Amino acid sequence: MNIHFIGIGGIGLSALGRFLKHDGHFVSGSDMKSSPITQQLEQEGIKVITPHNASIIDNQDIVIYSAAVKQNNVEVIKALKNGIKTIPRKEALPIVLGDKKNYCVAGAHGKSTTTAILASILKSSTLIGAISKEFDSNFRYVDDLVAFEADESDGSFLLSNPYCAIVTNAEPEHMEYYNYDLKRFYHAYESFLKIAKIRVINAEDEFLSTLDIDAIKLHPSVDITEVSYTLKNGEPYTKFHLKDLGEFEVWGFGYHIAIDASLAILAALNELPLVEIKENIKNYKGIKKRFDIVHKSEQFVVIDDYAHHPTEVAATMKSVSLYSNLKNMEKIVVVWQPHKYSRTVSNLEEFKKCFNGCDALVILPVYSAGEEKVEIDFEKEFASYNPIFVDKVEAVDKEIHLIKDEKVVYKYSDGIVLGVGAGDITYQLRKK
C-alpha cells in the first residue's frame, strides 16, 4: 500500500512509518518543520516534506495522522476531499500489528523502559515511544515477533492486538481522555488484559491487585530481593534476584528498574530459556531521555530524564541519589520544566514533595504542549525549595548556564545537574 503520515516527525508516528516501510509498503510523510527524526527518516528512504502541504496528497491508499493534527490541516482536508481513507494513529495499529505476535506493554510509568528491556531480551522487532540506545532508534524490524509500547492515553492500547499484555501499573493519568471517569479508565486496562492470551502484571499496583484474572503476577516486595547497585565505567547497573530464577543485572539505577526488568523477564520466559534471557538482557543499554547521562566527568555530571509526573520524578531522584553516593558527589541541582498546565495543577501537591533531596531547584516556564495558560504561583507553592526561576538553560563546554532575559545569571560546573521534563529541556541540556 501507499501510506502517508501527517506528523511523521513524532516519536510514535515515525516508528509506525518505519515499521510499515520494512513491512513492504511505500511510505511518505510530512511535519510542521524539519527535525532530527525527519532527517533520519529521509536518510532511510522515506520522503518527508515540511511544512505541511496539500500537494503531497495524491493517490495514497491511506493517510494516517497524529493526535496533534487537527481536522483543518490542509493535507487532511485534501485527503478527505479525494476520498482517501484518512484515520488517526490509533486506528492504524491493526494495520501495523494485526498479524504479528505482539508483546504489548502498558502503564502510566515505566512502559518505555520495560518495552526496551523486553526487546533486548527477545531480540525482536520493536516499536517504542523513545530511542533505545542499543539500536539508536525507536524502531527495529526483525520478524513478526514484536515488543510494542502500548499507549493508554488515547485508548489505542485496545487496538494493539496483544498476544501478551504487560501492565507495569495503572496509576490514573491522561484522565481528560476518559472524561475524568475512573471506572472507565480502569475498565480500559482490564479490557486490554482480557484480550491477550498471556498476561503479566505488577500485582502490587492498587488497581491491578483487585483483578480476578489469570495472569503471571509479580509481587515486587516479595519476588525481588537482594537489590544492589554498581557503576561500570561510570554507567549505572542494578543487580537483583527474581523469585527462584536467580540473579539478573540490568542497565540503570533504582528499584523501579528492577520492577520493569522483572516484568520483561517474566514475559520473555514464554519465548526463551532462562539462560538466554540472562545473556540477552545485557544488550539493554538504556533509552535516551531516561536517566540519560549526557555529560560525565569526575567532578560534573549532567543527566537528562523524561520524568514529567511526580511518581516518575521521585523515582528518578532516588536513582540520582544512589548515583551521587557512588560517585561521591555531594551537590544535586534539579532543573524542572513543568509539562502541561493541566498535569501541573492536578498533581501540584505531589510535585511539591517529589524534589526532596535536591540542593537547588531551578524552574523553567511551563511547556504548554498547546494548552491554554493557567496561572500557577510557583514562587509561593515551591517556596520551601527557594527555587531559581529562569527562561532556559544552555550547555556550554563543561558547564550548564542559567539564562534569564538573555543573560547568564548562574553557571554550574560541579556536582550533578538533573533535568526533568517531557518538553524541549532535553535539547537545552545538550551542547549544540
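To convert, note that position 35 of the sequence shown is 34 in numbering that gives the first Met the number 0; the numbers rise steadily by one, no gaps.
Note that beta-carbon positions come from the ideal geometry of N, C-alpha and C, so glycine has one too.
A quick note: this is a predicted structure, and the numbers were derived from the prediction, not measured.
Check	Outcome
Residue-level contact to chain D via CB, Y236, 9 Å cutoff	The structure shown contains no chain D, having only a single protein chain.
Residue of E43, Q42, T37, A91 minimising C-alpha distance to I62	Ile is not the amino acid found at residue 62; the sequence shown has Val there. Nearest C-alpha to V62: A91.
C-alpha gap between S388 and A359, whole angstroms	Reading off the sequence, residue 388 comes out as Phe, not Ser. Taking the straight line from one Cα to the other gives about 11 Å.
contact_flag[the segment 111 to 118, the segment 252 to 265] where n(CB pairs < 8 Å) is 3 or more	yes
Cβ-Cβ distance between E151 and H186 below 9 Å	no
Rounded separation between F299 and T425 - CA only	18 Å
Extent of the continuous beta strand (DSSP E) to which L244 belongs	Neither: L244 is in no beta strand (DSSP E) and is coded neither H nor E.
6 Å CB neighbourhood of I10 in its chain, flanking five on each side removed	G128, N137
Local Cβ density within 10 Å of N160, reported as buried at 16 or more and exposed below that	buried
C-alpha distance - F350 paired with P309, whole-angstrom precision	5 Å
Cβ neighbour criterion (16 or more within 10 Å) applied to Y179	exposed
C-alpha distance - L321 paired with E225, whole-angstrom precision	16 Å
Counted within 10 angstroms of its Cβ, other Cβ atoms place V344 as buried (16 or more) or exposed	exposed
Same chain only: Cβ atoms within 6 Å of S131, ignoring 5 sequence neighbours per side	A115, I286
H21 versus E74: straight-line alpha-carbon distance, rounded	24 Å
Nearest candidate by alpha-carbon position, reference N232, set H255, F239, H218, E297	E297
Range of the contiguous beta strand (DSSP E) that encloses P161	161 to 166
Residues of its chain near I45, where Cβ-Cβ distance is below 7 Å and the 5 sequence neighbours each way are ignored	G16, K20, V26, S27, G28
Same chain, Cβ closer than 8 Å to N269, five either side skipped, listed in chain order	C163, I197
Status (buried if at least 16 other CB within 10 Å, exposed otherwise) for E148	buried
Closer than 8 Å: N346 CB and nearest the ligand MN heavy atom	Here there are no bound small molecules, and the ligand MN is not part of this structure.
Beta strand (DSSP E) segments (min. 3 residues) lying fully within the segment 92 to 147	100 to 105, 124 to 131, 136 to 139
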